[in-house]
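A.B. asks: Questions regarding the structure given below will be posed in turn.
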Amino acid sequence: MTLSVSERRRQRHNLQRLHGECELNYVRLLRLMPGPPQLGQSIGVDFTHESNSGMHLRTDEVTRYTHLLSISAKSARPEWLPEIQIKVRIYHDAKMAEVVEWCSDRTIPWELAEKSSMQAPDEKWQWNMFLSDLLAHGLSHGMSKVKVSL
42 MTLSVSERRR QRHNLQRLHG ECELNYVRLL RLMPGPPQLG QSIGVDFTHE SNSGMHLRTD
102 EVTRYTHLLS ISAKSARPEW LPEIQIKVRI YHDAKMAEVV EWCSDRTIPW ELAEKSSMQA
162 PDEKWQWNMF LSDLLAHGLS HGMSKVKVSL
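Counted the way the numbering used here counts, the sequence shown spans residues 42 to 191.
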């Protein structure tokens, strides 16, 4: 069955799909972390098949129902390409994890034609799908190292 352009747009901006992806990201994050996040806890995940690549997770904020994580992805990249840094809010009551900040900005870096104050219609979806891919890659190709700083 072939979808029309308007049907594809509706499907791409579907709130249920976004919430479903946020729920999957919550589960993926819990699988990467050794236990309940503690303030200052750091986790390094090295990707086994790629040299000098991986991700680093740090717990920046802990409240009763939420946690704020900073995630940075490292890889062999050109100097002009900025390091990817994401802030993720974990909602334990809703069992969801959502990207709340991308590269200390609210714009997606590869959309260079847009002004920084503008957002793509599906930007929130793109942020969360990137997080989904990064976490899935970390789970399938990563080795975790835990460092707790209290």
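Positions of the beta carbon are idealized from the N, C-alpha and C atoms, including for glycine. Keep in mind it's a predicted model, so treat the numbers as computed, not measured.
(1) From the DSSP output, in three-state form, read off W232 for me.
(2) Do you know offhand how far D134's Cα is from Y106's?
(3) Going by beta carbon distance, what residues of the same chain come within less than 7 Å of S94, once the five residues before and after it are set aside?
(4) Roughly how many angstroms separate the alpha carbons of I149 and P119, rounded to a whole number?
(5) Can you confirm whether the stretch 172-187 touches the stretch 74-89 when touching is taken to mean that 3 or more C-beta pairs between the two stretches lie within less than 8 Å?
(6) I need the DSSP call for A138, collapsed to helix, strand or coil.
(7) Flag this pair as touching only if the stretch 76-87 and the stretch 55-64 have three or more C-beta atom pairs under 8 Å; answer yes or no.
(8) What residue range does the alpha helix (DSSP H) around L172 cover?
(9) From this set, E139, A177, S113 and W121, which residue's C-alpha is nearest N169's C-alpha?
(10) Taking just the CA atoms, how far does K136 sit from E62?
(11) Measuring alpha carbon to alpha carbon, tell me which residue in C144, L109, L70 and K128 is nearest L122.
(12) At which residues does the alpha helix (DSSP H) containing Q57 begin and terminate?
C.D. replies: For this structure:
(1) Outside the shown range of the chain (42 to 191) lies residue 232, about which nothing can therefore be said.
(2) 6 Å
(3) F88, K115, S116 and A117
(4) Caution is warranted here: a pLDDT of 45 is assigned to I149, below 50, making its placement in the model unreliable, and no coordinate value can be reported.
(5) yes
(6) strand
(7) no
(8) E164 to H182
(9) E139
(10) 11 Å
(11) C144
(12) L56 to L73
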